[in-house]
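Have a look at the structure below before the remarks.
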Amino acid sequence: MIPRQASRRLGEALDDTPVVLVQGPRQCGKSTLAETVAAERGMRRVTLDDPLALDAALRNPTEFLAANGPALLVDEVQRAPDLFLAIKRAVDRDRRPGRFLLTGSANVLLLPKIADSLAGRMEIVPLWPFSEAEIEGTDGDLVESLFSVGPLAAPPTPPNLDERLLRGGFPEPVSRSGPSRRQAWFAAYAKTLVERDVRDLANIEGLNALPRLLRLIAARSGETLNLSSLSRETGVPHTTLTRYVSLLEAAFLIVQVPPFSFDGGQRLIKTPRAYLSDSGLLGHFLGADPRRLAQDEPLRARLLGTFVAMTLRKALDASDTGAALHHLRTVKTHEVEFVLEHPDGRMVGLTVVPVAHPAPRDLRGLEFLRELAGDRFHRGVLLHLGEAATSVAPGIAALPIGSLWTPPAV
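Using my numbering, read the sequence shown as starting at 43 and increasing by one per residue.
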């Protein structure tokens, strides 16, 4: 399965940019996407997961590039950071578009030396595990629909929602037949990521606290990132912990949603929320299964919040709107899990309620955002597990969770 929007964006970028990097978590489909596009364009492919290729790239990056032709796909390029400088020199001599297509399982924006070396020469195409819309074949522009003036499509929440939460979006678990085989994949994936990929980024052999730290963050997925509390529980100094969190983010294991800021005299929390990057991976860390989800509402709420957070993150990265994602929380009372801000200033707030019938109190955060934003408030959405789609307050609608992966009716 090739994500259509990512494929389109990748092709457009190669048409006018010398270097294009497809980046995202390991095993999310980057290589498949890049290889398909590279083959259409006659590009040669080299993967740095091959020890011989990696050795050549590390020993002499310039010779490595020269030996592999003028149009090259380099898979897992973060394993040889010096290649970026060699690519920069090659592009400075010849700025034809589409010369280099790279894939990476590390976020180069969080690795300043690499990012700076190709500033103005490289476009980044983010890729995440499949969204539910991609799996269902219904992928429209969710962000554009949220900022539209018409109503959103509102199908009932599907009966197999818990299975969707536990399956997540990585291609391999999506294709596997049962829960036990999916869990086996998640266990091997988490072990490989922590023991190899994150250590490769850090270039050190320590990091023994990382597995426990990742599990603690998983247990708090969707909460504000309290490093002081994590430092006390792990015994890791605050400064070291900050670096570890950056490594987990660079490896796309966690995603941070920054706080919303507003010049209106309100005291707002200024700490980001942290989410694991896939609800299936989160379910693995939390030991979740369908029976537990049916009995444990807080567990389901945590998985559901992570599922929605990543649905929005993927939709924003695929959209051309340029909207940004935040969360809002006041010091005392009000909270909106997700605030989308359009470049023109308009705002959409989304609150997730893990029940079929939301209560009036569930509206308080969205009503506060509406009052705070004034004319900038475009829409509020209360996502729930029921079937009804209703207007519950001026500018605020209660919609089934399935609205997130259904083409908009606008």
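Every residue, glycine too, gets a C-beta built ideally from N, C-alpha and C. Keep in mind that this is a model prediction, so the values were computed, not measured.
Which residues DSSP lists as bridging G422, in chain order:
G391 and I438
For this session: Determine the burial state of L94: buried for a count of at least 16 other Cβ atoms within 10 Å of its Cβ, exposed for fewer.
Result: exposed
*Starting from F327, follow its DSSP beta bridges and name the residues at the other end.*
DSSP output for F327 lists no bridge partner at all.
- Query: Just the Cα atoms here: how many angstroms apart are E178 and D338?
  - Reply: 27 Å
* Roughly how many angstroms separate the alpha carbons of R388 and H420, rounded to a whole number? -> 6 Å
Check for me: the beta strand (DSSP E) holding E377 runs from which residue to which? E377 to E383
Legend entry - Environment of K312 [buried if 16+ CB atoms lie within 10 Å]: exposed
Item to complete: Give the DSSP-derived three-state secondary structure of H369 in the structure shown.
Response: strand
query: If you compare alpha carbons, which of T199, E291 and S271 is closest to A244?
result: E291
T448: which of T78, S321 and T180 sits nearest, CA to CA?
T180
- request: Helix, strand or coil for L318, going by three-state DSSP, please let me know.
  value: strand
- Run the CB neighbour count on K356, radius 10 Å, all protein chains shown included, and call it buried at 16 or more, exposed below. buried
Query - Where K233 falls, given that 16 or more other Cβ within 10 Å makes a residue buried - result: exposed
Inset, instruction - Would you be able to state if there are at least three C-beta pairs under 8 Å between the segment 249-256 and the segment 356-367? - result: no
Worksheet item: Are there 16 or more other CB atoms within 10 angstroms of the CB of D134, so buried, or fewer, so exposed?
Response: exposed
Throw me the rounded Cβ distance for the R315 and Q298 pair, which I believe falls under 8 Å. 7 Å
Where V119 sits in the DSSP three-state scheme: helix
Label T149 either buried or exposed according to how many other C-beta atoms from any shown protein chain fall within 10 Å of its C-beta, with 16 as the threshold for buried. A quick correction: the sequence has Asn, not Thr, at residue 149. When all chains shown are included, N149 counts as buried.
I44 burial status per 10 Å Cβ neighbour count (16 or more: buried): exposed
**Request:** Any chance you could list the alpha helix (DSSP H) runs of at least 4 consecutive residues sitting entirely within the segment 134-221, in chain order?
**Result:** 154-159, 174-178, 184-188, 203-209 and 213-217
| message | Rounded to whole angstroms, what is the Cα-Cα separation between S159 and I166? | response | 14 Å
* Asked: If you draw a straight line from the alpha carbon of K130 to that of N110, how long is it in whole angstroms?
  -> 16 Å
Worksheet item: Of the choices L258, G416, V395 and P112, whose alpha-carbon is the least far from that of A440?
Response: V395
Nearest candidate by alpha-carbon position, reference Q308, set P385, E413 and G347: E413
Taking the straight line between their C-alpha atoms, what separation do you get for Y11 and L52?
Outside the shown range of the chain (43 to 452) lies residue 11, about which nothing can therefore be said.
Going by CA-CA distance only, name the one from P300, F327, M164 and V240 that's closest to A229.
F327
query: Since K72 and V64 are thought to touch, with beta carbons under 8 Å apart, how far apart are those beta carbons, to the nearest angstrom?
result: 5 Å
**OP:** Have a look at S49 and L75 and give me their C-alpha separation to the nearest angstrom.
**Re:** 7 Å
Among I438, E118 and D124, which one has its Cα closest to the Cα of L100?
D124
Who are the Cβ neighbours of P139 in its own chain at under 7 Å, not counting the five residues just before and after it?
-> L56, D57, D58, T59 and P60
Could you tell me which of G162, F142 and L425 sits nearest to V397, measuring between CA atoms?
L425
- Whether P215 touches F172 by CB criterion (8 Å): no
### Message
Check this for me: beta carbons of L324 and L345, under 8 Å apart or not?
### Response
yes
Next item on the list: State the DSSP-derived secondary structure class of R86, mapped to helix, strand or coil.
Entry: strand
Relative to the C-alpha of L310, which candidate in P221, E54, G322 and H368 has its C-alpha closest? H368
G416 to T432 span [Cα, whole Å]
22 Å
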